[in-house]
Each structure stands twice: as structure tokens, then as C-alpha cells.
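Worksheet for the structure shown next.
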Amino acid sequence: MHLRRLEISGFKSFASRTFFEFGPGVTAIVGPNGSGKSNVVEALRWALGESSSRLLRARKLEEVIFVGSRGRPPADKAEVTIVLDGLDGHDGREHVAISRRAYRWGESDYLVNGRRARHRDVQDLLLRITGSTAASYAFIGQGLVESFLQMRPEDRRQLIEEASDVQRYRLRLEEGQSRLAKARESMDKLRLVLGELSPRLAQLERQARRAAEHERLSRELAAALAAWYSYAWHRARSSLEAAASRLAQAQREEAALRQESSACAQELTRAAEELRSLRARAQAAAEERARRREAVQRLEQELALAQQRRGMLDARCRELEEELNSLRAELAALPESPDVGERRSSLQSLLATLREETTRAQDGLRQAEREWQELSEAARSARQKAEALRSAAEDTARRAQRLRAATGEGNRQLRSLQDQRRALVRRMAQVVQTLRELAGQESELSRQERELSQQLADLDREVQQVAAQARQIEANQATRRTHLDEVRSRLQFVQDLERQLRPPLGEEQGVAVPGLDGVLYQVLKVPKGLERAIEAALGDWLRALLVARADDAVAAAEQIAAQGAERSYIVPLDRLQPAYTTSVARERGVIGIAAQLVKCEPRYRRVVDALLGRVIVVEDAETARRMLGRGLGTVVTRDGVVFHPWGAVTAGQGSHTRQFTLRLEWDSEELAKEVQRLNALLEVGERELARLHALAEERGRGLELLRRQHSDLEGQRRQIAEAVAQHKARLAQLKGEMRGLMASLSRLSEQEAASLQEARSLEERAEQLLKDASEAEAIAERLAPSLEAAAQRRQQSLEAMRSASARLAAVEGELRSLDEESRRRLEARQRLEGRAKAKEEQLAQCRREAEQATAAIAECQRRLAEAREELERAAAALPPRDAIARAEAREQELRQRLLGLQERLIAAERALAQAEGDVRHWRSEVESTAHKAREDGYDPDSLPVPESPEEPEGLEVHIERLRAQLRRLGSINSEAEAEYRVLKERHDGLLAQLADLESAEEALARAMAEMETFLHRRFQETFEAVARSFSRYFASFFPGGEARLRLTDGPEPGVEMTARPPGKRVRTLNQLSGGERALTALAFLFALLERNPFPFCVLDEADAMLDEANVGRFAQGLRELARHTQFIVVTHNRKTIEAADAVYGVSMGPDGASRVISLRLSEVAAG
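Each residue of the sequence shown is one higher than the last, beginning at 3 in our numbering.
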């Protein structure tokens, strides 16, 4: 396959439709600078889908359209068509035409064989027919040939991969990885869905089984309840009649015993009063005697304590006297301080003498030091002068030699002028290349500056957004605080209203209720929306009084009856039997069992279960009628309509107070929760506000950082602009140097004569300097003995000063030790004298306390004698014992009689209470049984009389077991079975899909592993072939040189390149000259093309940096590769043109449009 034709119309400088016919081999495109040669290359790139503004030299799409000139209007569109031939019947054709059009109004499109196509279609087509969308080495633009050397190893690896023709396989691998990722994502989603469905499926299966079991147990429970209520109702009625008869007999017996007991109690009261009078007088006398006895005992104890204290004080005085004598002896035994005055005086005299010696030694040392430094400075100055003179003499001699040598350089300079000219040409080329690189850097910095400006704008907007959010949150916080104040006001209002509507605990009926634990409506927590339903279901029970014990309930009932208060319900918490709640299935319109919906403390749960355990709460009357037919108990709707099991219906509002009772409870709780919620929201808002402030501060710091980066980029841009100006100035300077080379020849002869005269003068000057240096060295040698003697005197003075300093330090240390010893002896004496004085004071204090203790003992003995006399007088005042004994016997006799009567009365009262309790119990049992029966849908009056009065064996246990089984089943989902079947089908289908995806994933993973192995092997083979070809081409370009490619380390190794021209030792490619770099890059390009020949290759002035000899080698390489690859070369070089098979000449017309002429060299040669 090769490029057969190129048609250009309206593209850049090609205003008219222009045709290029390309044949096999090499086609050269020539013409002056600016004529549009490179536009041909860019047209080929553009038609094949290139979109890089740098490679196309166009920032916007409309810039590729001819802009017009003075003599020609602008074009409306740009169109480029390329025709590829020799496709081996691709799509039934031997050639394919690819066109790209761009319109000035911004639209563009592609055509393949005249049909519209997408950019992706063009890329797929090129991939199928060439193996690549556009090889990186197929288009080499101006100055880009050396880019192969500047690439990173990873980028060169991509070129090797393109040459190995693995791009299509790489795309397949990427597609496979994408499909594998999608498959795994689908499997994860399926597993996630199955993970969510499996628990639901198991739950529905269990619910379906429970629903069936619930239906069976409900039917069995209904039959058992009918038999039980029949027995319980008739048993309670007969037991109530018998209890009423026993109650009347007990009331008569209790009245008679109470009258007799009252008379006996009055007589006992009189006898007890007389006995209390006698006992009071005896008690007063006994208490007086006891007080006197306690006073005697207390004084005896005080006397014993005083005597004990006196003994302790005497012992303490003796101890203090012994300690004082010991201290005085120790003070007397303390040695006197020796006379240290004489020793201190002698040491101080010695110290003054030593200080004088040290001062004299220091003066001598300073004098010796000055003498030594003066002599050293004089000798050093003489030596330095001699060295300077000799150095000046040597410099003068060297200058003379250079001047004499310079006289012979004229001819050599003349011969080197041509070499310098060539060197200047190379340097000018390097400066031009540097200018191009700087222009690229400037463009990149401009792009970075634009991106940074965009980031600045984005971050500025983000800072403003954060500030706006902070302001919004502050406004929300203010709104929340206002709302919080309103809610708190409402809460206070509700609490005040609640206190007004509710009387204090225990005054519900205007009486004080003993043992009151609470009122029922106060202990209930009713969900919002169900207040009317619960109020209707409870009725008057809503204000039932809850007491702790049954006795409290009886006492409260008696007080209420005695005071004529309104009827009240009283519930003793200790007598409640467990109540069993009914169960209902979960279905549409059913809210639940009232007892389960209402919350309360555990100790009130039995009350709630008893009153609401068989009440079903539903949404509407229709659901209520449906549930009523099942016989499960009372049904109440949300709006308070009650449907009783026996058919009655209760509706309407309760009293005003009862209507608001539960609502106030809920409002109070809800408002309290709302206060908590608003406080939480305020805290969250404050935290969010703090976070936003911190975020705004962080964004502000980021904004400042970006501004500094923007300033740095501006500085870099200015530096690059300065560098560009400097290089341009350097280029102008090099041109000036070129002109100055020829002017230098005229100055050479004049400089030669002047140099000879100056050389003779310098030689004479050098001789004189050598003489002066010899004299300075002689002076330095004469000073050497004096310098040595001064050094010895300096060392002796230093040793004398050190000896005097050591002796002075020893004497000062001895004097300090003498002073320290005297101080210690004085402190020891002062401590002993202080302790002795303290002991004397303690001894005096102890003796004073002993004298006070003696006086206290005498006073205590006197008071004890007086107390014993008063005790004897109190014992004589006691009344006689016979009168008290007679009164006690009479009182005991009456008490025993009264106790007998009271025992009989208590027995009668107990019998009465038992009878009353039995009546109440059986009346309550009758009412409770009737109530329960009606709740369960049975009319007690119509229940048949049981065949046997005995309780059916095991029936109650059986009912409790059935109810327990129903409670364990809990709430039932009646739709569970249908939902289970639907969900099971979906679950099985998803399992099948997951199995298919897992098998497909395994197969795809195996295929991708095989593809990876194939790609690695293909890359290795291509790399080895390209490396061999690169070495061969380099050796042909540089005979005797060597170059090679090698792989770097790592999982994706890059390609390193080394090259060494003959006779050079280079460490990096940057050390090569411009021509060497160009030939090295061309050797690499030819190696790539040899391994994988692209159908055509475009080189734009790739030989610009080559001299004539190297251009010949370049042309020879082109001819060799042209057997497999079609080359289109833009060139100015004569030898490259000679190697071409056809030549196109491009020129710029007066109207600013490019024109083309063609020439096939084989036809010219044949002509």
C-alpha cells in the first residue's frame, strides 16, 4: 500500500485546488522559505485526524482555512483528500479516499470514499489497513528529528511497540480489560442483589410458614375459649350467690362483738389512766436518782482522768530534765575552735606575694610575645616580598615568551580563519535551535499561565461560594434560634395547661388516696395520631387510680364512698393477674394491638395488657367490621369509634378534660423532643459554620499560594523573554564576529613588531626583579637567629607564668578550706544552744501544767462528795411498790378481757372481710369473665350451661399454650406466601446469570493472559531487530563508531540509547554535535522503518543540520528504505533532491497563495 494522491483546497496557503501525485520511492518537495512546503506535510497530518495545535501551527480550527489576500478572497472551507492505493481488496476496493473538511462557521466532518464518517471510523480504518492510527515516526516535522534523542525511555518504548505492530492487539487487550471490568462489576452487582434478596427470601419463607401456623392455632384457640367461657361464667355466677349469703351472716356477728368490746375498752381506759399516774411519779423519782448516779459516775471518771494526767506530766518533766542535762553536757564537751588567725595571716601574705609574681610573669610573657611577633612579621614580609618579586619575574618572562610565540601565530591564525567561520556557522545554528526551544518553553509557560489563571478564577469562585454558604448557615442558625424560642414558649404553655387540667396526684376525686402510685393516663405513652383511639378504648378507665396494694384499694374505695365522690376505678398493682393479649396478622388497614402500641414502665404493663390487650386498632370502620367478624376482641378505629364483640358501637367525644389528656402528654413530649432536636441542629450548625470558616481560611491560603505561583510564572516568562533577547543579541554578535575575522588580518603585522619590542623590555624587567628577590631572601635569612631566640624567651616566660598561677590557686584553695571549717564549728555550737533553750522552755511549761492538774484533782474530789449526798436523798423519794402492783393487776385483767373480745371481733371482721372479698372477687370475676367473653366475641348470657360443674381437665393449660404459641409467632404477614413465590423465581434467575458471568470471566481472563504473553514476546523480538538495525545504520553513518539500545529495569522497561562517534568519548547524547545528533536520530528512525515499514513517511527538512558528506549518507539510507517505504521529503539540500524519484516545487504567488510544479527525474533523464 502507498499514498497515491493528495488533494488540497482552501487549506492554509493553498487557496486553489492543488493535486499531488505520489509514486513509489522518494518524492522531494522544494521551494523557498515561506512558500508553503510545510503546509503540505500539515495537510497530510490533518487529513489523517491530527488535532494538535502545536503540530498544525493553528490554535483554532478556522486558522487552517485560507484567510485571503489582497488579490484573493478568503476561502469558506478547507478540504484535504488523500488516496491510498494497493489495499489488497479492502472492502472490495483496491484504494480508499479519506477526506476532511472544515468550514469557517466551525463545522467539520470526515469522508471515506465520499461517505460521511466519524473521526473514530477513520482511526479504525487506518488501524485495519496500516496496523496503526498514525505512527509517531511516520511524520517528522521541522526540527523534530532530534526529538528521538530527547525522549524519555518510556516514550521510546512506545515507538518500539508501534514498530512491533501490536497496537491493534493492545486495543483488543484494553477492550478485553474493559469487558472484564464490566463483567466483574456486573457480578458484584448481582452478588450485592443476591446478598440483599437471600435474607429477604429466607424471611418470607419463615413468614409464610408462620402465617399458616397462626391460622391453625387461631381456629383451635376459638374452640377452646368457647368451652372455657361457658364453664367460667356459670361457676362465677353460682360462687357469687354463695358469697353474698356468707357476707350477711358475718355482718350480724361483727356488730354484736363490736358493742361488747367498746364497753370493755372504756373501763380499761379508766384503769390505765390511774396506772399511768402512779407510774409517772415513780418514773420521775427514778429518773432523778439515775441523773444523780450518772453525775457521781461522771465525777469519778473525771477524778481518775485528772490523776492519770498528773502522773503523765510528772513523767514528762523528768524526761525533759534528763534531755536538758544531756544537751548541756554535749555543749560543754564541744571542742574549742583553734586559733586560725595566724594561719590566715600567713596565707594572705603568701597570696599577695604570689599575685605579684604572677603579674611580673604575665608582663614578661607579653614583652616576649611582642618581640617574637615583630621579628616574625619582618621575616614573613621579606619572604613574601621575595616570592612576589620572583612571581612577577616569572610572569614577565612568560609574557615575553607569549609575545615571541605570538609573532609566529599570524600564519596559523590566517589558516584557522576558515575553521573559525565554520565554527561560527555551527554556533549560529545552535543559537537558532535554542531560540526555537525557548519559543516552545514560552508557549508552554503561556499555557500554564492560562491554566493557573483559570484555577485562580475557580478558587476565587469557590471562596465566594464558601462565604455564601457560611452566610446561609448563619441565617439558618438565626432562624433556628427564633424557632427554638417559639418552641420553648409553646412547651411552657403546654406544661402550664397540663398543670391546670391535672389536679395534684392523689386528688383526682377530691379525696386523699392512701398508697396512690399514679393515674393511668399519666403512665401511658401513646403514639401520635392514636390519642382518640386509645381514649375511646379506655373510656372512664383513662383516669383510673393505680395503688400499690389491695388494702389501699379497699381503703380508697371506702373514703370515696363515704364522701360521696364521683364513681372511680381503682387498680391494685399487687393483685393483677397476667393478662394475655391477642395476636393479629399484618394486613392492610390494621395498625396493631393497642397494648403493644402503647408504651409504659414495666410495673404498669399488666394494667395495660388487661385493659388494652384484646383491643385491635384499625384505620377505618370497614377494616373494623372485617376484624370484628374474626372474634379476636374489641376493635377501635383511629378516629375513636369502638366496635364491641357483641355488636355494640360507641362513638363521639369524651369530656373536655379527658379529650386533652393524652394530647397534652404527647404535645409535651413532642415539644421537648423538638427542643432537643433544635438544640442538636444548632450544635451541628455551629460545627458546620466553624468548618466552613476553616475551609474559607484554607481556600484563602490556597488562593494566595496560586497568586504567588502566578507571579512566579510571570517571572519565568520574563526570564525566558530576556533569554530570547539575549540569544538574539548573541546571534547578532556572532554575525559581527564573522565580519570582524577578515578585519583582523590587517592588524597581525603591526602587532608582530610591537610584540617583539615589548618582549625585549619584559625580559630586561624580569632580570631586575630576580635581583631584588635575591636581596629580600638574604634579609629573611639574617632575621632567622633573632626569631629563634625570641621564641625561646617567649616559651620561658609562658612556663614561669603557669608555675606562678598554679601556686596562687593552691594558696587560695587552702584559705577557702580554713574559712569553711570555722563556719561549721560555729553552726554546731549555735544548734546545741538553741535545742537546750527549747528544752528549758518545755520543762517550765510541763511544771506549770502539773500544778494545774493538782488543783483540778482537789476540786473534783469536793464535787464528788456533794454528788453522793444528793444521790442518797433521791433514793429516799421513790413511791411504795404495793400501790403500783395493785393498779397493774387491775389493768392487766381488763386488758386480757378486752384482748379476748378483740380477738373474737377480729375473727368476725376477718370473716366479714373474707366474705366481702369473696363477693367482690366473684362479682369482679363475673364482670371480668363477661368482659373477656365479649372481647373475644361471646355473649355470656347465651353461653350454654356446662354438662359438668367441674373445670374441663387441662383446658386452661391448653388455652395458655395456644396463646403462648400465638405470642411467640408475633406479627404475621398474610401476603408472605405470594411474595415468597415471586422473589424465589427472581432469585433463581439471578443465580443463573451469575454462573454465566463467572464462566465468561474465567475464559476472558485466560485469553487476556495469553495476549499479554504474545505482546511481550512480540515487543522483545521487535526491540532486538530495531537495536541491530540501529547499530548497523549508525555504523554506516559513522564508520568506526558504535551505538546501541538497551532496556531499563522495571515492570514496563524503557529504552535507553547510547552513541559514540569514532574518535570521541561521550557520556550523554547532549554532548554530540548538531550533525551527529541528527544522524543518530535518523539511524533510529531508519531502524524503526526497516522493522515495520509504514506505507509512507514524511520528513520535513530532516537533513537541515547535515553537511554535504553526511547528506550523502542520509540519501543512501533513504534509497535503501525506499524499496519498502514511500518517502515524501521537504528539503533544500541538493544531494537529497538528486536522490528523489520525483520533485514538487512550491512557490508563493503575488496573491499570497501557494503554487506547485512537478518534475519526475526519471522522465527528464529519459528525455
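Backbone N, C-alpha and C define an ideal beta-carbon position, used for all residues, glycine too.
What you are looking at is a predicted structure, and each value in this text was computed from that prediction instead of being measured.
(request) Measure the C-alpha to C-alpha separation of Ile-781 and Ser-788 and round it to an integer number of angstroms. (result) 12 Å
(message) Assuming the contact rule is C-beta atoms closer than 8 Å, Val-66 and Ala-104 should be a hit. Round their C-beta distance to whole Å, please.
(response) 6 Å
(request) Identify which residue in Pro-580, Ala-727, Ala-234 and Gly-517 has its Cα closest to the Cα of Ala-612. (result) Pro-580
(message) Excluding the 5 residues flanking Gln-471 on each side, which residues of the same chain have their C-beta closer than 7 Å to its C-beta?
(response) Leu-694
(message) For a quick check, are the C-beta atoms of Phe-77 and Gly-12 less than 8 Å apart?
(response) Here the sequence assigns Ala to residue 77, which means Phe is not the residue at that position. Yes, the pair counts as a contact, with Cβ atoms nearer than the cut-off.
(request) Would you list the one or two residues that DSSP bridges to Asp-111? (result) Arg-103
(request) Return the first residue and the last residue of the alpha helix (DSSP H) that Thr-1024 is part of. (result) 978-1039
(message) I'd like to confirm the pairing. Which residues does DSSP put opposite Gly-1147 in its beta bridges?
(response) Val-32 and Ile-1159
(message) Is the separation between the beta-carbon of Cys-848 and that of Arg-318 shorter than 8 Å?
(response) yes
(request) List the endpoints of the continuous alpha helix (DSSP H) containing Arg-56. (result) 55-58
(message) Quick check: the Cα distance between Ala-997 and Thr-1015, rounded to an integer number of angstroms?
(response) 28 Å
(message) Suppose you measure from the CA of Ala-1080 to the CA of Ala-394; what does that come to, to the nearest Å?
(response) 50 Å
(request) Could you name the residues that DSSP lists as bridge partners for Ala-1177? (result) Here the chain has residues from 3 to 1169 only, and residue 1177 is not among them.
(message) Can you look up Asp-622 in the DSSP assignment and give me helix, strand or coil?
(response) coil
(request) Could you check the C-alpha separation between Asp-774 and Glu-783 for me, to the nearest Å? (result) 15 Å
(message) Judging by CA-CA distance, which residue of His-989, Leu-1017 and Gln-474 is the nearest neighbour of Arg-193?
(response) His-989
(request) Just mark Gly-642 as buried or exposed, buried being the case when its beta carbon has 16 or more other beta carbons within 10 Å. (result) buried
(request) Work out the CA separation of Ala-731 and Ala-136 for me, nearest whole Å. (result) Its pLDDT being 49, under 50, Ala-136 is placed unreliably by the model, and the measurement read from it follows with that caveat. The straight-line gap from Cα to Cα measures roughly 40 Å.
(message) Under DSSP, the alpha helix (DSSP H) around Glu-1078 begins and ends at which residues?
(response) 1076-1093
(request) Counting only the same chain and skipping the five closest in sequence on each side, list residues whose C-beta sits under 8 Å from that of Leu-199. (result) Leu-985, Arg-988, His-989 and Leu-992
(message) Mapping the DSSP letters down to three states, classify Asp-941 as helix, strand or coil.
(response) coil
(message) If I measure Cβ to Cβ from His-216 and keep anything under 8 Å in the same chain, skipping five residues before and after, which residues do I get?
(response) Ser-585, Ala-587, Leu-968, Leu-971 and Ile-974
(message) Is it buried or exposed, Ile-1159, if we count other Cβ atoms within 10 angstroms and call 16 or more buried?
(response) exposed
(message) Could you give the first and the last residue of the continuous beta strand (DSSP E) run that contains Gln-1128?
(response) 1128-1132
(message) For Leu-634 and Gln-253, what's the separation of their Cα atoms in angstroms?
(response) 43 Å
(request) Quick one: give me the first and last residue of the alpha helix (DSSP H) that Glu-23 is part of. (result) It is not in any alpha helix (DSSP H) - Glu-23 instead sits in the beta strand (DSSP E) that spans 20-23.
(message) Quick check on DSSP: helix, strand or coil for Glu-1058?
(response) strand
(request) Could you name the residues of the same chain whose beta carbon sits closer than 6 Å to that of Gly-1151, not counting the 5 residues immediately before and after it, in chain order? (result) Arg-1157
(request) Figure out for me which residue from Ser-1038, Arg-102 and Glu-96 has the closest Cα to the Cα of Thr-83. (result) Arg-102
(message) Can you list, in chain order, the residues of its chain with a C-beta nearer than 7 Å to that of His-236? Leave out the 5 residues immediately preceding and following it.
(response) Val-947 and Pro-948
(request) Would you mind reading off the limits of the alpha helix (DSSP H) that contains Asp-554? (result) 552-565
(message) I'd like the list of long-range same chain contacts for Gln-718, defined as Cβ closer than 7 Å, with 5 residues on each side in sequence excluded.
(response) Leu-447
(request) Name the one or two DSSP bridge partners that Gly-594 has. (result) Val-619
(message) Please list the terminal residues of the continuous alpha helix (DSSP H) segment that includes Ser-71.
(response) Taken as a continuous stretch (DSSP letters only), Ser-71 belongs to no alpha helix (DSSP H), as it is neither H nor E.
(request) Keeping to the same chain, check which residues put their C-beta closer than 8 Å to that of Leu-437; ignore five residues upstream and five downstream. (result) Val-726, His-729, Lys-730 and Leu-733
(request) Report yes or no: do the stretch 890-908 and the stretch 268-281 share at least 3 C-beta pairs separated by less than 8 Å? (result) yes
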